[in-house]
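Structure first, then comments.
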Amino acid sequence: MDAHYPVMLSEVLEYLAVRPDQVYVDCTTGLGGHSMEIAKRLTTGRLICLDADRESLEKAQQRLAEFGGRICFRQSRFSQLRQSLTDLGVDRVDGLLADLGVSRMQLTSAERGFSLMQDSPLDMRFDRSTGQTAEEIVNFSSEHELADLIYQLGQERRSRKIARAIVRARPVKTTVSLANVIEQAVPRAGKLHPATQTFMALRMYVNREIEELESLLEQVPAVMAPGGRAVFLSFHSGESGITKKSFQQWAREGRAELLTKHVVKPQQREVRENAASRSVTLRCAQWRGPASGPNEGSKRGAQTKQEER
Ligand SMILES: C[S@@+](CC[C@H](N)C(=O)[O-])C[C@H]1O[C@@H](n2cnc3c(N)ncnc32)[C@H](O)[C@@H]1O
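Under this note's numbering, the letters of the sequence shown match residues 1276 to 1584, in that order.
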């Protein structure tokens, strides 16, 4: 599979309904797969590319160099969204994209510590300049704390057994040694490696993914221009539930219209080509009020659809 494969690309573009003169923010730039397609559709508009991961951003910047001043890049966590936009002189955006989770580049990188298939130090931080590493969590948390985070974030029923085995095996320094400790403690059931859920839980804990997502969702209403659209892609049921709650609240409060009454799933063809996309769900909300351009927001989506067909 192409390392730059952007998930649900055609659906993201359809729901964002990019207009050439407007302002967009990609909160999860990664390698810039979605950003590139947004940038191609801009003339006088602007795209702000954010990500917590400096290394990904640098790669994205190289890939998107041809778009010059139309795009700017900034290392920024979700919790810094408003501040980052203010620093860049942007008050409101017409489109916001959040493609949550981890990128394929991060997963397959030999030294980032996200993957149980590649032996590397247990790091797992999106932003390697700050915060605790997975190694610190694994070696210095109590058995009880480990069991709780593996259960809550990894939805792993065997969390107590796994936590006990980890504590007995300490110090555990690398991804493969952690995967082996878990595999010895709990039997393999089905295709999934028995350490998969624990690795996901550690990554989510290290990067405070739930807290960051909650902070992002809190800031969205303050940064959306009237008629603007926010598109969220989630892979994890916990993330999906948190996103759904905020979307429903915006709709209840009359701030936004939900353009996806039910979540949108990837087409079967995409799932066949990219198995990692099988659990993704897309949600889109459009802010109330007149759009800033000549076409009112929801008409804009319909027009774009017709133009694209
Ligand atoms: C699934 S990838 C995005 C891939 C991207 N859409 C593409 O097409 O290349 C998710 C990205 O979100 C970033 N990320 C995750 N949590 C973040 C946070 N709290 N703040 C900023 N970026 C975050 C990760 O570093 C990663 O690069």
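Note that beta-carbon positions come from the ideal geometry of N, C-alpha and C, so glycine has one too. Note that this is a predicted model, so its numbers are computed, not measured.
field: Spatial neighbours of Phe-1522 in its chain, beta-carbon cut-off 7 Å, leaving aside the 5 residues before and after
entry: So the list reads Leu-1533, Arg-1558 and Ala-1560, once near-sequence residues are dropped.
task: Less than 8 Å between the CB atoms is what I'm expecting for Leu-1360 and Ile-1313, so what's the real figure, rounded?
output: So it is not a contact: roughly 16 Å between Cβ atoms.
field: Proximity test, His-1309 beta-carbon vs ligand 1 heavy atom, cut-off 6 Å
entry: yes
- prompt: Lys-1536: buried (16+ other C-beta within 10 angstroms of its C-beta) or exposed?
  reply: exposed
task: Can you grab the Cα-Cα spacing for the pair Ala-1550 / Arg-1357, in whole Å?
output: 34 Å
- prompt: In three-state DSSP terms, what is Glu-1528?
  reply: coil
task: Say whether the stretch 1477-1494 touches the stretch 1337-1356, bearing in mind that this needs 3 or more beta-carbon pairs closer than 8 Å, one atom from each stretch.
output: yes
- request: To the nearest angstrom, report how far apart Gln-1524 and Ala-1531 are at their CA atoms.
  value: 9 Å
message: One question on the structure: do Thr-1303 and Ser-1310 come within less than 7 Å of each other, judged by their Cβ atoms?
response: no
field: Spatial distance of Ser-1390 from Pro-1281 (CA atoms)
entry: 20 Å
message: Tell me the residue span of the beta strand (DSSP E) that contains Met-1499.
response: 1499-1509
At least 3 beta-carbon pairs within less than 8 Å: the stretch 1501-1518 vs the stretch 1367-1376: Enough Cβ pairs lie closer than 8 Å, so yes.
message: Could you compute how far the alpha carbon of Asp-1366 sits from the alpha carbon of Gly-1465?
response: 50 Å
message: Could you tell me which whole beta strand (DSSP E) segments of length 3 or greater appear in the stretch 1365-1423?
response: 1368-1374
Beta strand (DSSP E) segment containing Gln-1358, residue limits: Unbroken run through Gln-1358 is the alpha helix (DSSP H), 1356-1362; no beta strand (DSSP E).
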